[in-house]
Every structure is written in structure tokens, then in C-alpha cells.
Amino acid sequence: MPVAFIPIDDRPCCLQFPVILGEIAGLDILTPPRASLGSFLKPGEPEFLLSWLKERIPESAELLFSVDMLAYGGLVASRIFSASAEEAMERLKFIFELSKARNRIPVYAFNSIMRVAPTASNSEEVKLAKKIVEYSVLKESLRNSEDTKKRNKFDSLKRQIPTDYLNLYFESRERNHLINKRMIYWVKDGCMDFLLLGIDDSKTCGFNITEKGILESLIELQGVEKSVKIYPGTDEMAMISLSKLLLSRLQQNSLHLSGPPLC
């Protein structure tokens, strides 16, 4: 059974490495044209990718895809408010309608928990990104603190960030967080076999950590701990998700590993 694979972007660690892993395991990994995945600041093409899945992929193929790519156009695109939550959800609903129409083919998905710093493409944006990071750390540390010095520093920092810029940043965060929560509900509803959420940051204090805590509570509340995982990192999400798919096939005795010995 082939696997239709849509990565988070076109970098080797996200596209080529999972394909190589699949080949080692004897899988037929189907990937869309690389140009449709965008490149760095150029977003991918969600609408083309959805058409590719519908028109070019065998009905028996399992699905392994990046929510970020189909919802927004990739990892970098997920950090800006280019698509609303409603637009993102409409794109994602197509996946599950497709799975249902094809006799409920297996669906494996992965998505990022947005990092604190927005993507910066020039020196001015680099400065703003640094301020956003400091803003996030201060705001989260003030949740359970009445530190006047920190409060004054936070208020001063907030005045240094343009309101429109800050509003768009929070709209992106709120949209992405909403999508992550919705994906957890879809696992609970049986629309998805496995969901991996990757923390796109190494910060130990900030909006990403707060969101992670909320998502962990929701996973526990919905009783989907075995089917939804949260791990650090985003570039390795496809490899981890594909490994989960491989293990599921092994358990069903439908996969026989092939290729040369690894050691």
C-alpha cells in the first residue's frame, strides 16, 4: 500500500530523509512536485496539494501530511497571518472527507506548536522578533508574580512594539493553537489515526510552553494519550510520524523490511 506524503517544507530533513526512510522499509512513498512546497519565505500551494491528493493519488494510499503545509503553506508560512482559521479548517476538512470517501484510509498528521519568535527577513524584523521573545517571557512570568520591576519593563517593552505587528502576531498564534486543539478533537472522533505536535522552540518560558500545557490537558481530557504525542522539534516530525506508521504496519504483519543491513 503506497503512502502519500506531504512534508512541512522542501528542506532535505523534512522531504528527502522521510522518503529515504520509507525506501529502506520497502514503502512506496508518493510526494507532490517539489515546486508546490514553496521555499523558505515563499509559501507552498495548499490548494494544488489538495487537488494532487484527490486526482493523482491511488485510492488505497495512506496519508501522511503536515497540517502546517495544508493549512497555511508550510512552517514559515504558519508564523504569519496569511490564512484565517476558517480557511485553514476548510482545507483540512478535505483530508478527512477524502479519507471517508476512500473507505477510511489511515491518516497520520503532524503539526507545530508555534515558536515564540516570528520569522524575520530583514534587520528591522530581527529587532522586533527579539522584542517579541522578551515580551513573551516577561508576560508569562508575570502570570503568577506581582514583580513591579518586571511589570514596568513589560509595559515599556510593549510600547516599543507596533500595535498592528503585535496584533497580527497574536492572531497567528491563536489561529494555530485553535487548529492544534481541533486536530486533537478529530483524533478523538476517529478522523485521524495519529497526531504529532512538535514544539518549534527551545524556550522554557513563553507562549509556546503555556500552549503546550493547554494541549497536554486537552489530550488527557479526551483520553487520546496513545494517539496524540507532543515532542520537542519540528524538522523531525515527519520521520517520527512515518516511524509510527511503519510500526503500525509491522504490528498488523503487513510490512516486511527490505534493503541492506544498517550495521
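In this note's numbering, the protein residues as written are 15 to 277. Think of the CB as a built atom: it goes at the ideal place given N, C-alpha and C, for glycine as much as any other residue.
| Check | Outcome |
| --- | --- |
| Ranges of the beta strand (DSSP E) found wholly within the segment 70-110, counting only runs of at least 3 | 76-80 |
| Short Cβ contact (7 Å threshold) for G220 with V140 | no |
| Nearest residue (CA-CA) to A75, options F168, E148, P16 | P16 |
| Counterpart residues of F208 in DSSP-defined beta bridges | Y122 |
| Buried/exposed call for G40, threshold 16 Cβ in 10 Å | exposed |
| Where the beta strand (DSSP E) through A18 begins and ends | 17-20 |
| Local Cβ density within 10 Å of I228, reported as buried at 16 or more and exposed below that | exposed |
| Paired residues, beta bridge with K243 - DSSP | L210 |
| Inter-residue Cα distance where the pair is G247 and G212 | 5 Å |
| Inter-stretch contact at 8 Å, needing at least 3 Cβ pairs: the segment 149-167 / the segment 229-237 | no |
| Cβ-Cβ distance between V81 and N222 below 7 Å | no |
| Span separating the alpha-carbon of S155 from that of A143 | 18 Å |
| Cβ-Cβ separation, M251 to I22 (assumed contact under 8 Å), whole Å | 7 Å |
| Assigned exposure category for S170 - 16 Cβ within 10 Å defines buried | exposed |
| Proximity of K258 and F184 at Cβ, strictly below 7 Å | no |
| Whole-angstrom distance between R105 and R118, CA atom to CA atom | 18 Å |
| Cα-Cα separation between I198 and S241, rounded to whole angstroms | 9 Å |
| Neighbour-count burial assignment, F79, 16 or more Cβ in a 10 Å radius | buried |
| First and last residue of the uninterrupted alpha helix (DSSP H) at E37 | 30-38 |
| Q30 versus G88 - alpha carbon distance | 16 Å |
| Residues near K172 by beta carbon distance below 8 Å, same chain, minus five either side | Y149, L180 |
| beta-carbon G220 near the ligand PLP non-hydrogen atom, thresh 6 Å | Of the ligands one can find in the structure shown there are none, so the ligand PLP has no counterpart to examine. |
| Contact check, P46 vs L35, beta carbons under 7 Å | no |
| Distance between W66 and D42 (C-alpha atoms, nearest Å) | 16 Å |
| Selected residue, minimal CA-CA separation from P135, among E73, F54, G237, P176 | Here residue 135 is Ser; the residue named in the question, Pro, does not match the sequence. Of the listed residues, the one whose Cα sits closest to S135 is F54. |
| Expected contact under 8 Å - CB spacing of I193 and A123 to nearest Å | Incorrect: roughly 11 Å between the Cβ atoms, too far for contact. |
| Within 7 Å, strictly: CB atoms of V202 and V147 | The sequence as given places Lys at residue 202; Val does not occur at that position. Cβ distance not < 7 Å, so K202 and V147 don't count as in contact. |
| Unbroken alpha helix (DSSP H) run spanning L229, endpoints | 221-236 |
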